[in-house]
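Novice:
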Amino acid sequence: MDWKEKLYNFYKSRREYIKTHLNENIDFTDVYDPYIIEKRSNPIMIIGEAPGANEVRLKQPFVGKAGENLAYLIETSGFDRAKDFLITNAFPFRTFEGNKNRTPKAGELKTGAKLLEREIEIVKPRLILLLGNSAIKAFSYIPWAKDVKNLQKCGIYDINGYKVGLCFHPSPLAFNRKDIRESLENFFKGLKTLI
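Numbering of the sequence shown is given in UniProt numbering, commencing with residue 1 and proceeding in unit increments.
#1: Taking 8 Å as the threshold (C-beta atoms), are Lys149 and Ile136 in contact?
#2: Around the Cβ of Arg177, are there at least 16 other Cβ atoms within 10 angstroms (buried) or fewer (exposed)?
#3: Rounded to whole angstroms, what's the CA-CA distance from Met45 to Lys19? Just pull it up for me.
#4: Sort out for me which residues DSSP pairs Val164 with in a bridge.
#5: Would you mind sorting Ile47 into buried or exposed? The rule is 16 or more other CB atoms within 10 Å of its CB.
#6: Within the continuous beta strand (DSSP E) that includes Thr29, where are the two ends?
#7: Pairs of beta-carbons, one from the stretch 51-59 and one from the stretch 23-30, closer than 8 Å: are there three or more?
#8: Do you know how far the Cα of Leu130 is from the Cα of Phe10?
#9: Give, in chain order, every unbroken run of the beta strand (DSSP E) that is at least 3 residues long and sits entirely within the UniProt domain "Uracil-DNA glycosylase-like" (36-188).
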């Protein structure tokens with residue numbers, strides 16, 4: 001079984017795993033990268049926060065305004081979105097309050113981190129990109145990555161044999177700040193020279 005088939009099987013198992021630990025205000029619609037079949041081996045793994053309502057509707061990560069910003073950043077990197085990047089989330093399902101998206105709670109990110117660690121083992125990414133505080137926090141719950149939250153954003157570090165990059169989330173609120181936008185642009189433009 002190749003890694004893509006293992007990844008599909010893993011994605012099918014996440015719902016039951018989460019339901020044994022958490023079940024409140026979570027939409028269990030599967031959301032995952034639609035280009036898995038096209039991926040090259042060892043893709044760059046981008047980890048965002050959690051799917052939102054738009055992602056659930058289209059069953060794909062990063063499809064709203066933040067997704068447009070990420071698509072722009074990926075284009076500036078010189079890499080191919082479908083072949084070179086696997087986009088995923090710190091918590092695999094939409095968390096909500098009423099009809100609004102909400103940031104996953106610490107307990108949800110801790111549970112999601114166990115899944116994230118398994119996903120990394122399957123994909124064996126050449127680079128892991130953590131975009132935003134939730135992704136960084138979830139990643140820090142992986143035992144071998146606990147110190148990641150102390151690292152400076154928009155840098156790449158060696159953590160337990162993995163290259164791990166940290167930067168800001170490309171949400172519209174963050175992306176409209178000139179300093180954050182420039183940091184993200186410079187970070188993505190420099191990816192080819194950093195890995």
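Just so it is clear, CB atoms sit at the ideal spot from N, CA and C, and this is done for glycine as well.
Specialist: Let me spell this out:
#1: Along the sequence shown, read from residue 1 onward, the residue named residue 136 stands at position 136. Along the sequence shown, read from residue 1 onward, the residue named residue 149 stands at position 149. Yes, Cβ-Cβ distance for Ile136 and Lys149 is below 8 Å.
#2: Here residue 177 corresponds to residue number 177 of the sequence shown, with the count starting at 1. Exposed, since its Cβ has fewer than 16 Cβ neighbours within 10 Å.
#3: Mapped onto the sequence shown, residue 45 falls at position 45. Mapped onto the sequence shown, residue 19 falls at position 19. Taking the straight line joining both Cα atoms gives about 25 Å.
#4: Start at 1 with the first residue of the sequence shown, and residue 164 comes out as number 164. Val164 is bridged to Ile128 and Tyr157.
#5: For the purposes of this step, residue 47 is taken as residue 47 along the sequence shown, with counting starting at 1. Classification for Ile47: buried.
#6: Translated into the one-based positions of the sequence shown, residue 29 becomes position 29. From DSSP, Thr29 is part of no beta strand (DSSP E); its letter is neither H nor E.
#7: yes
#8: Residue mapping note: residue 10 aligns to position 10 of the sequence shown, counting from 1. Residue mapping note: residue 130 aligns to position 130 of the sequence shown, counting from 1. Going by the C-alpha atoms only, they are around 21 Å apart.
#9: 44-48, 85-89, 94-97, 127-131, 155-159 and 162-167
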